[in-house]
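Numbering (the working numbering), first residue to last: 74 to 677.
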């Protein structure tokens, strides 16, 4: 009996001990969960703070993380080929450890276009505006969203971002042509890429000497690739655009064929001048037009005298390479020839805004060939660009600034001078190769280069003969320079300074119709009539004509006619019982073409 009671007591004790252990274990489990939750909240708070360090925009970290985990990355692109594609992403991520962008897949992910393995042939898109350059390709790695559980917690960038590569931020020509202009108009293309958007540069360069110019595009500080490491191992851009529009570029640098103007230039001086005006406003530079408005008043004679007295020439002075050895003599000769004051500017000694201020009011810009000539896009309408070339360098083969000046709507007059006297050149064969030195080459190659009288057309970018010649210093032959300048000025158009120029194209001719008549078995007539384009009645046009194409059905050739009137009867080469196709369009001022109206089918 006692044994039974004793056993019962032990069972109750064991039960109580078990219950106590279970309660303690439950409390410990709950405490650990609370600690884990607190740690998670602390980590999310830390990650939120890191996100806030990137931007003043606020972000709910938990909501952003949940959106990434549940919906993954979404991508929608414009453009058919990698060379003209720009993509918008939601939650595109970047791993600073792998130095790769990451696309997270979920059931809600979107990838348009869904190219499969074609995405690697050769890339999804170009990160730079320089077309199809193999150092500028963009792609991403792919992971399931579930992999986020095993990865470092992401830092979210709440700003709308534009992700791109700068092509060469040490060179002003490349900065403007390849980076600033394309970025400016890419941002115009998408309404949320506004002044609050952030630019992210992924090419890996440092800031470079002209980083302040990139800061003009947005109120937010641009981010460099190297800086992304400071914000965590995994960064996710809540909304980003990747790539640049190439519509504003006008020159190709010779990677596939020798350098020259692009085959299909899509930009005009109008868009470049709007860009230049926007940058000048950001730099707090008063434009020449605004200065003229402040001076308005007085007679026509007084205005003419004031304009003449305000005219001046800007000469770019270089201090290390490609020198004008008799710069002072050249300046004196120009001042005497044109009765204008001459201002010298230098990238080494002056701020860029102060140079733009000087250029923006100049009547003429004179410089040796070089990147500083890109500042000609700030010149007023009617100004002259004078580019000097060292010995053996053909101006026709190196024409980025001539192409710029010649764009419709830039209204600049371009003149080039080249040194044709070898004794007026100073070469530097012992310099480093990147500054034109040739001492590292074999003796035969050195002798060939020294004997050459003109650099042959070549591909970019390390042709030793080109570098040797372009880095020469030049003693400018002043009489020949002035003669070239006088001849060039004879062909200068009479574009009035500061007068905006635009080309308005005619619309379609309206209500085009045809009538036919057969005179006999060998003779027929075809009459075509139409009404003027709708927009013509609102325009002042010096000359209006009409172009008519007539093609016999089934034939490959057509007969073109230029007519001053809105109807005409054709009899020559018109056959009886024959079907003709007829097109009509309007032409302004001999060269401004309108679209063809719908084709007419006329049976005689």
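Where is the CB? At the ideal position from N, CA and C, for every residue including glycine.
Same chain, Cβ closer than 8 Å to residue i, neighbours up to 5 away in sequence not counted
i	result
residue 188	197
residue 667	578, 579, 580, 581, 582, 606, 658, 659, 660 and 661
residue 678	Because residue 678 is not part of the residues shown, which for the chain are 74 to 677, the question remains open.
residue 270	232, 233, 234, 235, 260, 291 and 293
residue 186	150
residue 179	142, 143, 144, 145, 217 and 218
residue 681	This structure gives no information on residue 681, because the portion of the chain shown stretches from 74 to 677.
residue 494	464 and 550
residue 192	212
Same chain, Cβ closer than 6 Å to residue i, neighbours up to 5 away in sequence not counted
i	result
residue 356	426
residue 661	579 and 614
residue 669	656 and 658
residue 489	460 and 468
residue 115	Low confidence applies to residue 115: its pLDDT is 48, below 50, so where it sits in the model is not reliable, and the reading given next is rough at best. Excluding residues within five positions, none has a Cβ falling inside 6 Å.
residue 590	598
residue 313	162, 165, 234 and 236
residue 672	654 and 656
Start-to-end residues for the alpha helix (DSSP H) that takes in residue i
i	result
residue 539	537-543
residue 679	The chain is shown only over 74 to 677; residue 679 falls outside these bounds and no answer can be derived.
residue 660	Here residue 660 belongs to no alpha helix (DSSP H); instead the beta strand (DSSP E) covers 652-661.
residue 429	425-432
residue 352	342-355
residue 331	Here residue 331 belongs to no alpha helix (DSSP H), and DSSP marks it neither H nor E.
residue 557	551-563
residue 504	Unbroken run through residue 504: none, as it is neither H nor E.
residue 284	284-288
residue 516	516-524
Contact under 8 Å by Cβ, residue i with residue j
i	j	result
residue 462	residue 429	no
residue 318	residue 262	yes
residue 274	residue 255	no
residue 311	residue 344	no
residue 406	residue 551	yes
residue 626	residue 604	no
residue 487	residue 442	no
residue 276	residue 302	no
residue 544	residue 509	yes
residue 199	residue 279	no
residue 647	residue 674	no
residue 245	residue 283	yes
residue 190	residue 147	no
residue 531	residue 334	no
residue 687	residue 548	A question about residue 687 goes unanswered here, because the residues of the chain that appear run from 74 up to 677.
residue 390	residue 424	no
residue 415	residue 432	no
residue 449	residue 477	yes
residue 195	residue 155	yes
Span of the beta strand (DSSP E), counted from its first residue to its last, around residue i
i	result
residue 271	271-274
residue 258	From DSSP, residue 258 is part of no beta strand (DSSP E) but of the alpha helix (DSSP H) over 254-262.
residue 441	437-441
residue 386	385-389
residue 636	632-636
residue 249	Here residue 249 belongs to no beta strand (DSSP E), and DSSP marks it neither H nor E.
residue 641	640-643
Cβ shell of residue i (< 7 Å), same chain only, five flanking positions each side left out
i	result
residue 522	511, 537, 538 and 541
residue 342	480, 481, 482, 483 and 484
residue 348	254 and 257
residue 384	413 and 436
residue 664	none
residue 281	242 and 243
residue 410	555
residue 636	618, 619 and 621
For residue i: DSSP bridge partner residues
i	result
residue 533	Answer by DSSP bridge pairing: none, since residue 533 is not bridged.
residue 313	162 and 234
residue 597	591
residue 624	654
residue 215	176
residue 604	583
residue 676	652
residue 47	Outside the displayed span of the chain (74 to 677) sits residue 47, for which this structure offers no information.
residue 209	None, per the DSSP bridge assignment.
- prompt: Which whole runs of the beta strand (DSSP E) in the region 128-194 are 3 residues long or more, in chain order?
  reply: Runs of the beta strand (DSSP E) inside the region 128-194: 147-151, 159-168, 173-178 and 183-185.
- request: Could you pull out every unbroken beta strand (DSSP E) segment of at least 3 residues lying fully inside the region 397-428, listed in chain order?
  value: 414-418
field: Contiguous beta strand (DSSP E) assignments of at least 3 residues, all confined to the region 452-507
entry: 457-462 and 486-491
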